Amino acid sequence: MFRMRKRYSIILLVFLLISCKSNDEKAFFDFDSVEYYSLNKNKEVEIIENNRNGIKDSILNKILYSEFPDALDNDVFYKNVNSNSFSKFKLSQKDIEYLKNDVFHEKLSFKMFELNKACAPEYRDILVFKKNNKISGIAKICFSCGQFYIISSKREIQTENFGTEKEYKSLEKLFNTYKKDKN
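In my numbering, each number is its position in the sequence shown, counted from 1, plus 8.
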């Protein structure tokens, strides 16, 4: 009985500590604009075919398949995502507020109870967060396997509860509205 009460007390304390932070403190990024990059379908087919034939674009493969870049000021990364390999969309203010308040912030969740897929990530969807036109963060997302890679100018952010099934479905729906407008 004492252990159970102690466990609940610890959970309650953690919840209170997390909820006492302001929204700005809980946010993964400090941002006022967001650029969304989506890998073009024809480029994806080309990359897959090239990889099968042993022809590798090392930078593009690093962007799509690994935790790259490791710093926010990586010019090679930005040059490649701003190429004809990706479509670029500037998110609306309404969508920026949604990301800020509902998605990219620390929160208590039960993600640990969700099923994890075991595939290797393919980061076809990339968000670049900016504050006063200066890059403050990057989020790369793989909808196929539910993995993500986040790099932020903020230190010690807690991202382990990001990426619930509900968040992924919501983000995928949001991204598809931008892609649909292009087609």
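For glycine and all other residues, C-beta sits at the position ideal for the given N, C-alpha and C.
Because the structure is a prediction, the values reported are computed rather than measured.
Here VAL89 is near ILE134, since their CB atoms are less than 8 Å apart.
The three-state reading of DSSP puts TYR44 in strand, counting E and B together. Taking 8 Å as the cut-off, the beta carbon of GLY171 is found no closer than this to the beta carbon of PHE37. In chain order, TYR45, SER46, LEU47, ASN48 place their CB closer than 7 Å to the CB of PHE94, counting only its own chain and leaving out the 5 sequence neighbours on each side.
With respect to the 8 Å criterion, GLU75 and ARG132 are not classified as neighbours on the basis of their beta carbons. Listed as beta-bridge partners of GLN155 by DSSP are CYS150. Counting the other CB atoms within 10 Å of its CB gives CYS150 a total of 16 or more, which places it among the buried residues. If you draw a straight line from the Cα of SER160 to the Cα of GLU168, it comes to about 14 Å. Shown here for ASP40: same chain residues with a beta carbon closer than 6 Å to its own, the five before and five after excluded, namely LYS139 in chain order. In terms of CA proximity to LYS34, LEU107 leads the group LYS98, LEU107, THR185, ILE63. Distance between SER91 and ASN58, taken at the CA atoms: about 18 Å.
Within the segment 33-102, the runs of alpha helix (DSSP H) at least 4 residues long that lie entirely inside it are, in chain order, 49-60, 66-73, 83-89. Between ILE67 and the set PHE137, LYS177, LYS98, VAL84, the nearest pair of CA atoms involves VAL84. A residue is called buried when at least 16 other Cβ atoms come within 10 angstroms of its Cβ; ALA147 meets this threshold and is buried.
Annotated three-state conformation of SER144 is strand, per DSSP. By the CB criterion at 8 Å, ILE55 and ASP65 fall inside the cutoff.
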